[in-house]
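Working notes, beginning with the structure itself.
In my numbering, the protein residues as written are 1305 to 1759.
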């Protein structure tokens, strides 16, 4: 395999950027005129899209997005997993319309029967017996971390470098030299030095985990079953079982965040791989696009929390910092019930995973044909390619393999051919509305883009 010609890449990238700008004048005009928005976008990460300005949405349905310039795209980004059920699935539309328009009372601070149905469904999928709801997985992680500290009486959380947990302060940490913990590059104004709240370990390195746990101050190991936001980095055989054993041995809780890895199957990686968390977190996808999240607790963790609250040590009902007025609202619960019950079914996952396998095989064929030193990893209905081979085995290796120019070129090459990939990385996700023809369209576009790199 030979490296990419950087001079050719620069020329191709410039041409792709020019084509993007020429094709999207209305999006560019709206972006230029957004003077009252910080960064000219509703949320600053929307500037991550390649091309100098983001596309502006007109409408979306299923696996398709149409922008304000009239271009329709096959959408493999799917809201970075938030739209894993597809954009506006019919069952979710009906449930939301019934709750909001017909029944009313979307936000009343009163429970609905939907909550118990969703809780039972989440128990069937992920095993945790007791559930509480939020408006995002970030919120769910924040609140669950507080409960983990309460339950164990310990102050710190153990995380892995480049593991994804939303915008939780404790998660932006890396393992430093000599067992230290340092702030992740780009971390925005952490409230305290990160080593006061966090210990960091290296993914797929159980020795680094044990070294961190030996201090005796870790309340919980917070982890994804596979790293997902730095490119998919899969666990090596025995790693997840090792985490469970080490957590038990050192008196820490195992906290699994499946916000992205839900793509592994109907019950996520937790069911597919037989994981045994003490706390479980999920968000984004389970509400079909309506903001929601959830965390699940084992009976043991719930019992420990209850003992502290009963004694007056903590308050999880009023001012203790767990929960929010909109959390568990009637509209979110109606959306979750419809999405989980009628859209993200076992049959849907079976088909989505088969399509992701087809996607992976298409990329692998082009990498082999053009002898590119890249790799691709699959996690159920999700696949992602990296500009390095063999595939990284740690978050740090994955970060070191980043290539901004190749990233921009491949995103624009796909976009200019009517295909959207996740802007943060080269992830493709299948939804129930994705078709084999969509996957084959990507395969052809990908081959064309990488062939151009070879000349």
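Every residue gets a Cβ at the ideal spot worked out from N, C-alpha and C, and that includes glycine.
None of the values given here were measured: they were computed from a predicted structure.
Boundaries of the alpha helix (DSSP H) in which residue 1449 is found, first to last residue: Per DSSP, residue 1449 belongs to the alpha helix (DSSP H) from 1441 to 1456.
C-alpha distance - residue 1324 paired with residue 1758, whole-angstrom precision: 22 Å
Rounded separation between residue 1386 and residue 1692 - CA only: 28 Å
Simplified DSSP assignment, three categories, for residue 1331: helix
Counterpart residues of residue 1553 in DSSP-defined beta bridges: In the DSSP output, where bridge partners are listed per residue, residue 1553 has none listed.
Which of helix, strand or coil DSSP assigns to residue 1287: The displayed coordinates of the chain run from 1305 to 1759. Any statement about residue 1287 would go beyond what the structure contains.
Pairwise C-alpha distance: residue 1481 and residue 1648: 43 Å
8 Å Cβ cutoff met for residue 1550 and residue 1517: Yes, Cβ-Cβ distance for residue 1550 and residue 1517 is below 8 Å.
C-alpha distance - residue 1401 paired with residue 1583, whole-angstrom precision: 33 Å
Helix, strand or coil at residue 1636 according to DSSP, with G and I counted as helix: Reduced to three states, the DSSP call for residue 1636 is helix.
4 or more residues per run - each alpha helix (DSSP H) lying fully within the stretch 1541 to 1598: Counting only runs of at least 4 residues, the stretch 1541 to 1598 fully encloses the following alpha helix (DSSP H) elements, listed from N- to C-terminal order: 1543 to 1553 and 1572 to 1576.
Simplified DSSP assignment, three categories, for residue 1486: strand
Delimiting residues of the alpha helix (DSSP H) encompassing residue 1743: 1740 to 1758
Helix, strand or coil at residue 1612 [DSSP, three-state]: helix
Close-in-space but distant-in-sequence residues of the same chain around residue 1251 (CB under 8 Å, 5 per side omitted): Residue 1251 lies beyond the range of the chain shown here (1305 to 1759); nothing can be said about it.
Buried versus exposed call for residue 1349 [16 or more other C-beta atoms within 10 Å across all chains shown]: exposed
Which of helix, strand or coil DSSP assigns to residue 1630: Coil, per DSSP.
Buried or exposed by the 16-neighbour rule on C-beta atoms within 10 Å, applied to residue 1523: buried
Where the alpha helix (DSSP H) through residue 1429 begins and ends: 1417 to 1430
Unbroken beta strand (DSSP E) run spanning residue 1664, endpoints: Careful: residue 1664 lies outside any beta strand (DSSP E), inside the alpha helix (DSSP H) at 1650 to 1673.
As assigned by DSSP and simplified to three states, the class of residue 1312: Three-state result, residue 1312: helix.
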